[in-house]
Structure formats: C-alpha cells, structure tokens
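Peer 1: Input: one structure, supplied below.
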Amino acid sequence: GTLIWQGTKYSLDNDRVLLRGCVLRNTEWCYGVVLFAGRDTKLMQNSGKTKFKRTTIDKLLNCIIISIVLVLIMMCAVCSVACLFWETRTGKKFQIYLPWTTVVPSNHLSGAIIISFLVFFSYAIVLNTLVPISLYVSVEIIRFLQSFFINWDINLYSESHKMAARAHTTTLNEDLGQVQYIFSD
Numbered sequence: 005g006t007l008i009w010q011g012t013k014y015s016l017d018n019d020r021v022l023l024r025g026c027v028l029r030n031t032e033w034c035y036g037v038v039l040f041a042g043r044d045t046k047l048m049q050n051s052g053k054t055k056f057k058r059t060t061i062d063k064l065l066n067c068i069i070i071s072i073v074l075v076l077i078m079m080c081a082v083c084s085v086a087c088l089f090w091e092t093r094t095g096k097k098f099q100i101y102l103p104w105t106t107v108v109p110s111n112h113l114s115g116a117i118i119i120s121f122l123v124f125f126s127y128a129i130v131l132n133t134l135v136p137i138s139l140y141v142s143v144e145i146i147r148f149l150q151s152f153f154i155n156w157d158i159n160l161y162s163e164s165h166k167m168a169a170r171a172h173t174t175t176l177n178e179d180l181g182q183v184q185y186i187f188s189d
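Here the sequence shown stands for residues 5 to 189, numbered as in the numbering used here.
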C-alpha cells in the first residue's frame, strides 16, 4: 500500500514495516501507523471456534450407543404396555397379594395407567445393563496400549535420523490408515 502524509507518498513495503515484537534502535523518533489491529489481525481472524475432531470409531460408538438406548426405551415401553394390559385384565385379582391401593388410586383404569408408568422406570433400571458403559473405558485403554506399541516398535525407527516413532496422542491411532497427504518441512 501507499501512505500519503503531508503531500508526500511513502510506499509501505517490507523495509518500512515493523512487525509485532520488533525493536527499533538507533532512531530518536518515528511516526507510526497501526495496520491490521483488532479484528483485522490474522490471529483474530483465525481464532474462530475450533471443531472438535472425533475419530471414526468414536462416531461409530456414539451411533451404536444411541441406537442401544433407543432399543432400551422401546423395550421399556413394550413392557409397560404389556403391564397395562395385564393390570387391566388380571391384575385386579392379585390385589390380595399386591396391595396397590396404598400407592395408586382405587379406580381400576387410572390405577393401571399409573402402575404401568411406574413399571416403565422399573424396567429401565432392570434393563440398563444393555447400555455398555465400560465400552468407552475399554476403547481408551486399547488406544493407550496401542500408543505404547507404536513407541516400542523397532520397525518404526529411522537409522538416518536416529529417531523412533512417538505417539503424542491416543485418539489418532486408528485413523492413521486414512492419511493420504503429509505436509512436512
């Protein structure tokens, strides 16, 4: 660009620009113009929200867990509806053994609806073992051990550089086979 000050044109090139962190010496005074300040700096323009990167196995595990939770809800709903039918047809005969009148109203239909609603949550507690909570922990342990195997692999040692492979993160191990381009200096 060009700076026009008091009728004189000054070209703004690399010889007349001081970048951040530079020190000006052997000069008693100078005029300064601030360029690219605030939101115009590259640092601010590139500081947008970063996207959280997930591996393909994490995405697959999330889909599987969501589908298992949906199956669990469906099973609880089916069992709750079956309890409603049983309660309206034959459940009244068992009032001697199971005194529901202390918990639910004496009206037979509304009592059966409340019982089936409570049974939904009872089945959710009973069937919660369908959801594999320890699966995420197991996958993280496997990733941790894989990173140790990458660090210890003698075939990944470079004789010319005298360096071995180092796994800095455990989340990228399973995606190493998907790498197509490597940018290096």
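All residues carry an ideal CB built from backbone N, CA and C; glycine is no exception. Please read all numbers here as calculations on a predicted model, not as lab measurements.
1) Between the beta-carbon of Y140 and the beta-carbon of C83, is there less than 7 Å?
2) From Q150 to L65, what distance separates their C-alpha atoms?
3) Excluding the 5 residues flanking F148 on each side, which residues of the same chain have their C-beta closer than 7 Å to its C-beta?
4) What's the call for E144, buried or exposed, on a 16-neighbour Cβ count within 10 Å?
5) Which stretch, first to last residue, makes up the beta strand (DSSP E) that contains I8?
6) On the DSSP letters alone, give me the boundaries of the alpha helix (DSSP H) that T12 sits inside.
7) Note down the Cα distance separating V73 from V135, rounded to an integer number of angstroms.
Peer 2: With the structure as the only source:
1) No. Outside cutoff.
2) 18 Å
3) Here the set comprises T174.
4) With fewer than 16 Cβ atoms within 10 Å of its Cβ, E144 is classed as exposed.
5) 6-9
6) Looking at the DSSP string, T12 is not in any alpha helix (DSSP H); the run it does join, the beta strand (DSSP E), is 12-15.
7) 7 Å
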